[in-house]
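Visitor: Going by this note's numbering, the residue at position 149 of the sequence shown is 170; the numbering climbs one at a time, nothing skipped.
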Amino acid sequence: MKYVLVTGGVVSGLGKGVTASSIGLLLKACGLRVTSIKIDPYLNTDAGTMSPFEHGEVFVLDDGGEVDLDLGNYERFLDIKLTQDNNITTGKIYQSVIDKERKGVYLGKTVQVVPHITDAIQEWIERVAMVPVDGKEGPADVCVIELGGTIGDIESMPFIEALGQFSYRVGLGNFCLIHVSLVPVINVVGEQKTKPTQHSVRGLRGLGLTPNILACRSSKELDENVKLKLSQFCHVLAENIVTLCDVPNIWHIPLLLRDQKAHESILKVLNLQGIAREPDLHEWTFRTKLCDMLHNPVRIAMVGKYTGLSDSYLSVLKALLHASVACHRKLIVEWVAAGDLEDVTAKKAPDVYKAAWNLLKGADGVLVPGGFGDRGVQGKILAAKYARENRVPFLGICLGMQIAVIEFARSVLGLHDANSTEFDPETSNPCVLFMPEGSKTHMGGTMRLGSRRTYFKVPDCKSAKLYGNVSFVDERHRHRYEVNPDMISQFENAGLSFVGRDETGRRMEIVELLGHPYFVGVQFHPEFKSRPGKPSALFLGLIAAACGQLEVFLQNYGHGSKLLPNGINNRKSTVKVYQNGDGFKSCNGSLNGVHSNGNGVHSNGNGNGVHSNGNGVHF
Ligand code: GLN
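Put into structure tokens, the structure is as follows:
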């Protein structure tokens, strides 16, 4: 096993996660099998209790792990499935050491940070790196380890110490350290300043780690003399210094690294030159360029609670992006704060209310994502009602599905106090209620988490077709409440069809409104399994419907074809028309009419991983 460690210096938010994922992708393109580990030096054992508003979304894995959103980047870029052990936190490490101490494993010794914590970290890394994550047998060739935070943080010290020991333990030729740093450009003279990087490398060396490669964030390409200076002061070969300059979308980063031959430097350090091949990034390059060129927009209103920090819905945004690119449309996300749609806002802030409704009404499709707590619920209900009544394509995810059901119960079934017991425990029409999988009395650990199977009960429905006419799908869950199974016949008689259910038939997983162009709700989170080249089926359905192309789409793919959602790019070989880095030979709407052309992806400026507002990057 070979290890690539990615650390960060100077400031946080340099895009270390995307850089680490891109390095993994590049090595994978060289024919290597890659896994990854993310180290988060905070004390929380996992990300489950962390506020999405502060920390970005909680990413959910197949095994039910609630982890840092960077693991989502790894899964998407490398097309792998990680486990909760691939996310190490200080909390997890200390818990494991304290558990052992309580069991008397340390035989009366004083339990200390060095060696007990540092040993536990190294053992954890070695153990987890061996677990295959790409569906193949046997361990991967390379494990990319990303150390969260910035060199010098107090809480990452035990990890730095452990990784210093680890590099020594695995030996020369098996460990490559990439330090991501910042080279600011001072505006007055336009000079690229190396001092912050020099300082952070000195800090790293002082802690016993020597970088092999420097990846420098800078607004423009590093000048040759700047590289030489960095090389001299940081003791890193000039050819091992790469620039991460601003790019229109994050898919460019692996290409940027490839163009600067970062893979050659890494392979040399790891003694893998004889084994790896030249990187094959044809499909990736095609998609990246396509994304930059798109200009025909598709507008999706995201009606959520945390519209201030788009990282709160990162995977949903990525899934929308994957689907939009597959449909050759430029994604425009209109952020609508659910509360702004409510009547109280009409009274308190009429302008805000009007603006929110204008955004919603101007959208081609509406998405209500998952959430907890009752803030904004009424606004989400109004958005679902609007989409249902006006035949606007709608996708409701988890809470988004639950509110769509509540709205239907109230407006169509006439059950005016219908509600979820999450919001009104006393409602006389509990159409969504608490359905723990295990104990009904023990409240702890009652969340239904991770991968569960959904069986299609109605084979002829839109979602089954979109999934490629399979009989079941496995998707990831994170919820406590579910649609009341005792009210299903009432709903179905009125046209709300529960087309996907669990194996018992008691848990509702997918709901579709009959006679509507696209009104789908899912209890699971399909966004977590969407990939750039394999968009999630239901997101694809939303975007295709929003572009007015769903019918054509279903006709072409609805006959037992397993091509959707992941065969799109292969079907008519759009990938193959790409020519050697300098444009497209032809790009003639491979997606059965769901084509267009255009330019980039952006949102209405709330700053998120998906948008590009003309000059910037944001990775
Ligand atoms: N709060 C709802 C529940 O627990 C929905 C959760 C979610 O959207 N992830 O069921």
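Cβ atoms here follow ideal geometry from the backbone N, Cα and C, with glycine treated the same way.
Since the structure is predicted, the reported quantities are computational estimates derived from the model, not experimental observations.
Using alpha carbons as the reference points, say which of N450, T215, L420, D332 lies closest to A430.
Guide: N450
Visitor: So within the segment 148-188, which uninterrupted beta strand (DSSP E) runs reach at least 3 residues, ignoring any that extend past its ends?
Guide: 163-168
Visitor: Between M71 and the rest of its own chain, which residues show a CB-CB distance below 7 Å, the 5 nearest in sequence each way excluded?
Guide: N65, V79
Visitor: In the DSSP output, which residue or residues are listed as bridge partners for P553?
Guide: Per DSSP, none; premise fails for P553.
Visitor: Any idea if I207 is buried or exposed, counting beta-carbon neighbours within 10 angstroms, 16 or more meaning buried?
Guide: So I207 ends up on the exposed side.
Visitor: Rounded to the nearest angstrom, what separates G635 and A384 at their Cα positions?
Guide: Because G635 carries a pLDDT of 31, less than 50, the predicted location of this residue cannot be relied on, and the following value inherits that uncertainty. Each residue's Cα considered, the two are about 22 Å apart.
Visitor: Ordered along the chain, which non-local residues of its own chain (more than five positions away) have a Cβ less than 8 Å from that of I509?
Guide: F519, M529
Visitor: Under 6 Å Cβ to Cβ from G360, same chain only, skipping five residues before and after it: list those, please.
Guide: G397, G400
Visitor: Assuming H500 is part of the beta strand (DSSP E), what are its boundary residues?
Guide: 493-500
Visitor: When you compare the segment 546-553 with the segment 486-502, are there three or more beta-carbon pairs, one atom per stretch, that lie closer than 8 Å?
Guide: yes
Visitor: Specify whether the segment 555-562 and the segment 443-457 touch according to this definition: at least 3 beta carbon pairs, one from each stretch, less than 8 Å apart.
Guide: Here the segment 555-562 does not lie against the segment 443-457, with fewer than 3 beta-carbon pairs under 8 Å apart.
Visitor: With a Cβ-Cβ cutoff of 8 Å, do H357 and L330 count as a contact?
Guide: For the sequence presented, residue 357 should be read as Val rather than His. No, the pair does not count as a contact, with Cβ atoms beyond the cut-off.
Visitor: Under three-state DSSP, which class holds A430?
Guide: helix
Visitor: If we count the other Cβ atoms within 10 Å of its Cβ and call it buried at 16 or more, is A68 buried or exposed?
Guide: buried
Visitor: On a Cα-Cα basis, can you pick out the residue from G125, K130, K157 that is closest to D100?
Guide: K157
Visitor: Measure how close the beta-carbons of G521 and I531 come, nearest whole angstrom, since I'm counting them as under 8 Å.
Guide: 3 Å
Visitor: Figure out for me which residue from C164, D523, L420 has the closest Cα to the Cα of N195.
Guide: C164
Visitor: Can we say the segment 28-36 touches the segment 275-294, given the rule of at least three CB pairs closer than 8 Å?
Guide: Pairwise C-beta distances place the segment 28-36 out of contact with the segment 275-294, as fewer than three of them are shorter than 8 Å.
Visitor: Going by CA-CA distance only, name the one from D267, A404, N317 that's closest to V39.
Guide: Comparing C-alpha distances from V39 to each of D267, A404, N317 shows the shortest one belongs to D267.
Visitor: Quick check on the DSSP output: the alpha helix (DSSP H) that includes C312 runs from which residue to which?
Guide: 303-314
Visitor: Just the Cα atoms here: how many angstroms apart are T309 and L291?
Guide: The alpha-carbon atoms of T309 and L291 are separated by roughly 29 Å.
Visitor: Report the option in S43, N514, L26 whose CA atom is closest to the CA atom of I274.
Guide: S43
Visitor: Whole-angstrom Cβ separation of K216 and V154, contact assumed at under 8 Å?
Guide: With 8 Å as the limit, K216 and V154 do not qualify as a contact, their Cβ atoms being about 39 Å apart.
Visitor: On the three-state DSSP scale, how would you describe T40?
Guide: T40 falls in the helix class under three-state DSSP.
Visitor: Please determine, among L454, R226, P205, the residue with the shortest C-alpha to C-alpha distance to L243.
Guide: P205
Visitor: Is L534 closer than 8 Å to R409 when the C-beta atoms are compared?
Guide: yes
Visitor: Looking at the secondary structure, which residues open and close the alpha helix (DSSP H) in which C51 lies?
Guide: Looking at the DSSP string, C51 is not in any alpha helix (DSSP H), and its letter there is neither H nor E.
Visitor: Any idea if N609 is buried or exposed, counting beta-carbon neighbours within 10 angstroms, 16 or more meaning buried?
Guide: Residue confidence for N609 is low, a pLDDT of 31 falling below 50, so the modelled location carries little weight; the figure read from the coordinates is stated next. N609 should be labelled exposed.
Visitor: Which residues bound the beta strand (DSSP E) around F98?
Guide: It is not in any beta strand (DSSP E) - F98 instead sits in the alpha helix (DSSP H) that spans 91-99.
Visitor: Give the secondary structure of K23 by DSSP, where H, G and I count as helix, E and B as strand, and everything else as coil.
Guide: strand
Visitor: Tell me which same chain residues have a C-beta within less than 7 Å of the C-beta of S432, skipping the five on either side of it?
Guide: K406
Visitor: Examine the ligand GLN and report whether any of its heavy atoms sits within less than 7 Å of the Cβ of H642.
Guide: With the chain running from 22 to 640 in the structure shown, residue 642 is simply not present.
Visitor: Out of N490, A485, S472, M456, state which residue places its alpha-carbon closest to the alpha-carbon of Y502.
Guide: Nearest to Y502 by alpha-carbon distance, out of N490, A485, S472, M456, is M456.
Visitor: What first and last residue would you give for the alpha helix (DSSP H) that runs through G1?
Guide: Residue coverage of the chain in this structure runs from 22 to 640, which leaves residue 1 outside it and unanswerable.
Visitor: Using the Cα positions of A367 and A376, report the straight-line distance between them to the nearest angstrom.
Guide: 10 Å
Visitor: Is C452 close to the ligand GLN? I mean its beta-carbon at under 7 Å from any heavy atom of the ligand.
Guide: no
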